[in-house]
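Report on the following structure.
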Amino acid sequence: MKVSYYPGCTLKSNAKNFEDSALCALRELGVDVQELRRWNCCGTVYSLTTDDLMHHLASVRNLIRVKEEQADSVMTLCAMCYNTLKRVNERIKADPDSLQKIHKFMDEEKIAYRGDVKVRHLLELLREDVKFEAIGKKVKKPLHNLKVASYYGCLLVRPKEIGLDDMENPTVLDDLMAVLGANPVDFPYKTECCGAYLTVDKPETVADRTFSILTSARGRGAEVVSVSCPLCAFNLDHRQKETAKKYSEFKKIPILYFTQLLAIAMGCGEESLRLDLHYVDPQPLLRQKGLI
Amino acid sequence: MRTILSKKKIRDDFVRKIEEISGQKLLACYQCGKCSAGCPAVAEMDILPNQVIRYAQLGFKEELLEAKSVWICASCYTCNVRCPKGIKIAEVMEAVRQVLLRKRKDHVEVPKLSAEDKASVPAIALISSFRKFTS
Ligand code: SF4
Ligand code: SF4
Ligand code: SF4
Ligand code: SF4
Numbered sequence: 565m566k567v568s569y570y571p572g573c574t575l576k577s578n579a580k581n582f583e584d585s586a587l588c589a590l591r592e593l594g595v596d597v598q599e600l601r602r603w604n605c606c607g608t609v610y611s612l613t614t615d616d617l618m619h620h621l622a623s624v625r626n627l628i629r630v631k632e633e634q635a636d637s638v639m640t641l642c643a644m645c646y647n648t649l650k651r652v653n654e655r656i657k658a659d660p661d662s663l664q665k666i667h668k669f670m671d672e673e674k675i676a677y678r679g680d681v682k683v684r685h686l687l688e689l690l691r692e693d694v695k696f697e698a699i700g701k702k703v704k705k706p707l708h709n710l711k712v713a714s715y716y717g718c719l720l721v722r723p724k725e726i727g728l729d730d731m732e733n734p735t736v737l738d739d740l741m742a743v744l745g746a747n748p749v750d751f752p753y754k755t756e757c758c759g760a761y762l763t764v765d766k767p768e769t770v771a772d773r774t775f776s777i778l779t780s781a782r783g784r785g786a787e788v789v790s791v792s793c794p795l796c797a798f799n800l801d802h803r804q805k806e807t808a809k810k811y812s813e814f815k816k817i818p819i820l821y822f823t824q825l826l827a828i829a830m831g832c833g834e835e836s837l838r839l840d841l842h843y844v845d846p847q848p849l850l851r852q853k854g855l856i
Numbered sequence: 033m034r035t036i037l038s039k040k041k042i043r044d045d046f047v048r049k050i051e052e053i054s055g056q057k058l059l060a061c062y063q064c065g066k067c068s069a070g071c072p073a074v075a076e077m078d079i080l081p082n083q084v085i086r087y088a089q090l091g092f093k094e095e096l097l098e099a100k101s102v103w104i105c106a107s108c109y110t111c112n113v114r115c116p117k118g119i120k121i122a123e124v125m126e127a128v129r130q131v132l133l134r135k136r137k138d139h140v141e142v143p144k145l146s147a148e149d150k151a152s153v154p155a156i157a158l159i160s161s162f163r164k165f166t167s
């Protein structure tokens, strides 16, 4: 199985632990991942005003790059890239006038893009193409006795027409953890926003959210919280520093990308996990469970 | 507090502009409050999400342009997916931000961020913050 892959900028910098672990796991699963030869930042957020077409260009250009490589779908790992690329794609499909304006602006592009690339998140590929059952059969190191709370955040599940699972009660990450042998832990804050980019100008707000989200997960018995977005990862992991300063009763908890857990279960080596990039060190827990 | 309602305010260009750039029909809102009930940011808001819509319906331009709420909204879309009338509240929040940003009133002042501030957060945080809070 061959897939075109759009990494986005954060996966090439701060979130190498996300990318390396995903790529190793996909290799083990027999998926041939082809990174786009050319790509640019998607813009991170979808512009919500009706008249702002300019900020959709970055995403459209990436979708043109996919077409240039004769592919009809593209896979993302970052939840923000997924949301932005997919939403821009839906917008231009539904709005021929805007599409025409965008074409006029990008007249140097050789392809007049029509919205016909399918934007998919890795989780969709795993669920629909590879299939969880087949993943379960390939597990080399089951995540036995590991209690994992899966945090979905906002952009994998909202808005409804973009989301890849039920928007109020998603379970796809929990289903994946179950086939890997872990004990999924459900918790009420799994789709509550972490504060996203407020982390730049209001880190104390993010600390409040991190406190509520992680305290809730721990209260349900979680030993680790898994994420699928580099911004969630930063807020829930690195902002635990500010959280601990603000809340004396707060107890730190390791944060892992779901792909790191998948890579462990697929038997990938420790070098693909890049555990050095974490603020809260997940190694003591993983060692205690015999996973590294 | 005395609140003065007037036809003049309600028919102000500001109301039309918010409707146009948010793409929302403000009068569809019947003030049920469901958007505010689920918003994770209400504790820090001065005007609740349903009140933002109400103020916009009534043309309370100054109040909206001074509201802190639009800068604490992180576009998480919880309100949007729950509104029984299909109103996209996050889009209205963005429209109010844009009215200010298009006058080059940046909310996050990039030159004031120290090199340390910038190095301490990942690119994804900086890019999204600048996209939302600068012109
Ligand atoms: S959303 Fe993020 S990771 Fe995705 S391309 Fe943009 S900044 Fe980079
Ligand atoms: S960064 Fe936070 S705001 Fe964004 S998708 Fe992740 S949970 Fe939502
Ligand atoms: S949920 Fe919708 S109808 Fe109810 S107050 Fe909010 S915007 Fe108005
Ligand atoms: S999008 Fe903004 S207003 Fe709506 S629920 Fe999220 S933070 Fe609150």
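In the order they appear, the protein sequences are chains A and B.
Per our numbering, the very first residue in the first sequence carries number 565; after that it's consecutive.
Per our numbering, the very first residue in the second sequence carries number 33; after that it's consecutive.
We put the CB at the ideal spot given by N, CA and C, even for glycine.
- request: Entirely within the region 653–734 of chain A and at least 3 residues each: give me those beta strand (DSSP E) ranges in chain order.
  value: 682–685, 711–714
What would DSSP say about residue 596 (chain A), mapped onto helix, strand or coil? strand
message = Here's the rule I'm using: 16 or more other beta-carbon atoms within 10 Å means buried, otherwise exposed. How should residue 125 (chain B) be labelled?
response = Label assigned to residue 125 (chain B): buried.
Looking only at C-alpha atoms, which of A:780, A:620, A:774 sits nearest to residue 808 (chain A)? For residue 808 (chain A), the nearest C-alpha among the options comes from A:774.
request  = List the whole-angstrom C-beta distance separating residue 647 (chain A) from residue 777 (chain A), where the pair is believed to meet the contact cut-off of C-beta under 8 angstroms.
outcome  = About 19 angstroms separates the two Cβ atoms, so there is no contact after all.
Practice prompt. Give me the Cβ distance between residue 101 (chain B) and residue 761 (chain A), rounded to the nearest whole Å; I'm assuming they're in contact under 8 angstroms.
Written response: So it is not a contact: roughly 16 angstroms between Cβ atoms.
- Query: Got a sec, what are the start and stop residues for the beta strand (DSSP E) residue 821 (chain A) sits in?
  - Reply: 819–821
Between which two residues does the beta strand (DSSP E) harbouring residue 788 (chain A) extend? 788–791
Exercise for the section: Using 10 angstroms around the beta-carbon of residue 823 (chain A), count the other beta-carbons present and answer buried if the total reaches 16, otherwise exposed. Expected result: buried
Q.
Alpha carbons only, please: which of B:67, B:108, B:58 is nearest the one belonging to residue 716 (chain A)?
A. B:108
When DSSP labels each residue in this structure, what does residue 54 (chain B) get in the three-state scheme? helix
Contact the region 106–120 of chain B vs the region 133–153 of chain B: 3+ CB pairs below 8 angstroms: Touching, no, given that fewer than three Cβ pairs across the two stretches are closer than 8 angstroms.
Practice item. Return no unless some Cβ of chain B is closer than 9 angstroms to the Cβ of residue 619 (chain A). Key: The beta carbon of residue 619 (chain A) falls within 9 angstroms of a beta carbon belonging to chain B, placing the residue at that interface.
- Message: residue 830 (chain A) and residue 790 (chain A) - do their beta-carbons sit closer together than 9 angstroms?
- Response: no
Quiz item: How long is the line joining the alpha carbons of residue 748 (chain A) and residue 754 (chain A), rounded to whole angstroms?
Solution: Those two C-alpha atoms are separated by around 12 angstroms.
Open item on the list: For a contact defined as C-beta to C-beta under 7 angstroms, what are the partners of residue 82 (chain B) on chain A?
Closed with: Those within 7 angstroms of residue 82 (chain B) in chain A number zero; the least Cβ separation is about 18 angstroms.
Consult DSSP for residue 811 (chain A) and reduce its assignment to one of helix, strand or coil.
Coil at residue 811 (chain A), not helix or strand.
### Task
Mark residue 137 (chain B) as exposed unless 16 or more other C-beta atoms lie within 10 angstroms of its C-beta, in which case mark it buried.
exposed
Could you say if the region 614–626 of chain A and the region 656–670 of chain A meet the contact criterion of at least three C-beta pairs nearer than 8 angstroms? Put simply, the region 614–626 of chain A touches the region 656–670 of chain A. At least three CB pairs are less than 8 angstroms apart.
_Residues of the region 139–163 of chain B in Cβ contact with chain A at a cutoff of 7 angstroms, in chain order, please._
140, 153, 154, 155, 156, 157, 158, 159, 160, 161, 163
Strictly under 9 angstroms for the Cβ-Cβ distance: is residue 55 (chain B) near chain A by that measure? yes
Exercise for review: Anything in chain B within Cβ reach of residue 724 (chain A), meaning under 7 angstroms, just list it in chain order.
Suggested key: 113
Note to self: What I want to know is whether the C-beta of residue 643 (chain A) ends up closer than 8 angstroms to one or more non-hydrogen atoms of ligand 4.
What the structure shows: no
How about residue 644 (chain A) and residue 795 (chain A): do their beta carbons lie closer than 9 angstroms? Between residue 644 (chain A) and residue 795 (chain A), the C-beta spacing is below 9 angstroms.
Please report the straight-line C-alpha distance between residue 76 (chain B) and residue 784 (chain A), rounded to a whole angstrom. 27 angstroms
- prompt: In the region 778–796 of chain A, which residues sit with their C-beta less than 8 angstroms from some C-beta in chain B, listed in chain order?
  reply: 794, 795
Exercise. Give a yes or no on whether the minimum CB-CB distance between residue 572 (chain A) and chain B is below 9 angstroms.
Key: Chain B, which has a Cβ nearer than 9 angstroms to the Cβ of residue 572 (chain A), makes this yes.
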